[in-house]
Each structure stands twice: as structure tokens, then as C-alpha cells.
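Take 8 as the starting number for the sequence shown in our numbering and just add one per residue.
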Amino acid sequence: MNKTTVILLLTGFAACSPDFKQVKQPDTSSPDPKAKVADVVKFSQVKKVLDDNHCTLCHQPPKPAHNIDLTTSQAISQNTRLINVAQPGSSLLVAAISGPTPDMPPAKKFTPIPQDGVDLITKWITQGAKDDGAAAAVLEAPQ
Numbered sequence: 008m009n010k011t012t013v014i015l016l017l018t019g020f021a022a023c024s025p026d027f028k029q030v031k032q033p034d035t036s037s038p039d040p041k042a043k044v045a046d047v048v049k050f051s052q053v054k055k056v057l058d059d060n061h062c063t064l065c066h067q068p069p070k071p072a073h074n075i076d077l078t079t080s081q082a083i084s085q086n087t088r089l090i091n092v093a094q095p096g097s098s099l100l101v102a103a104i105s106g107p108t109p110d111m112p113p114a115k116k117f118t119p120i121p122q123d124g125v126d127l128i129t130k131w132i133t134q135g136a137k138d139d140g141a142a143a144a145v146l147e148a149p150q
């Protein structure tokens, strides 16, 4: 008997044994698409943070406060003062909402954006501040 025959025989005996447990190998032929998608921050998520924390009450057309429109990814991305994709931490938007006493939203009127919201916005900027195609609804000013 040659070496290949012995290996095949041993493998066959092991497979017939009642104690034999076949170990299933993970399928590495294609990556899990959900794993990558979950890591991508969508503008719709960022918009929700901005809306939930009252940012868009003042920073919306037709006359956004300090000429900073936070209602669409396009408006945010076009304002080069607001975001720096290469260095998200130096972005005006991140600086304004970060730290122990953030400048925005105004502390006299609103509570600061929770850290997970700041992290989400920072990650969105790091990923290139892309628009996911979500329709941006403009909030109407309270009357």
C-alpha cells in the first residue's frame, strides 16, 4: 500500500466511527456583505442625530444660522469650513459638538449631543461624508 491509500483508509475508518465529528470549515469564498454594510455610516443616520439634537432648527434654509446648513449631506460637504475628511477631528462640525463643554447645541437651550452621536458623525466624515441618497426633509420652523 502506498501512502495515499493509507491516508484514505484511515479517513474512511474515522468517518465511520460513531465518535467522529466532522468539523465544518467556514465558507471564505465570499465575504459577509452585512459586516461591511454595518460599518458604513449613512447620512440618514447622521441626519437623525442632527434632527434629534435640534441642530436643524437653526441650521436650515432659507437663512441658516451662521450660514451653516445641516439639512443635507451636499450642504454639509460643500461647506469646507465644516468638514475635513482627511482630519475629521479638525472639522468645525466635530469641534463644535465635542468635548466636555461643546459649543453646539447651545447649552442654555439644549443638552449636548451624546458621545455616540458625535462618534457617528466623526465616522461619517472619516468615511468621506458621502450621501446615501436618503431624501432630506427640511424641518419647518416652529410657529
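Glycine included, each C-beta is placed from N, C-alpha and C at the ideal position. Everything numeric in this text was worked out from a predicted model, so none of it was measured.
One question on the structure: do residue i and residue j come within less than 8 Å of each other, judged by their Cβ atoms?
i      : j      : result
Leu89  : Leu57  : no
Asn60  : Ile75  : no
Ile120 : Ser98  : no
Val125 : Ser105 : yes
Ser51  : Asp139 : yes
To the nearest angstrom, report how far apart residue i and residue j are at their CA atoms.
i      : j      : result
Gln67  : Gln134 : 24 Å
Lys137 : Pro95  : 14 Å
Lys115 : Val53  : 23 Å
Lys130 : Thr118 : 21 Å
Lys55  : Pro107 : 22 Å
Ala82  : His73  : 13 Å
Pro69  : Pro109 : 26 Å
Pro112 : Ser80  : 19 Å
Cys62  : Ser84  : 16 Å
Which whole-angstrom value is the C-beta distance of residue i and residue j, which I expect to be below 8 Å?
i      : j     : result
Leu100 : Val48 : Not confirmed; about 14 Å, so no contact.
With 8 Å set as the bound, which would you pick, yes or no: does the beta-carbon of residue i sit closer than that to a beta-carbon of chain B?
i     : result
Gly96 : Of the protein chains in the structure, only one exists, and it is not chain B.
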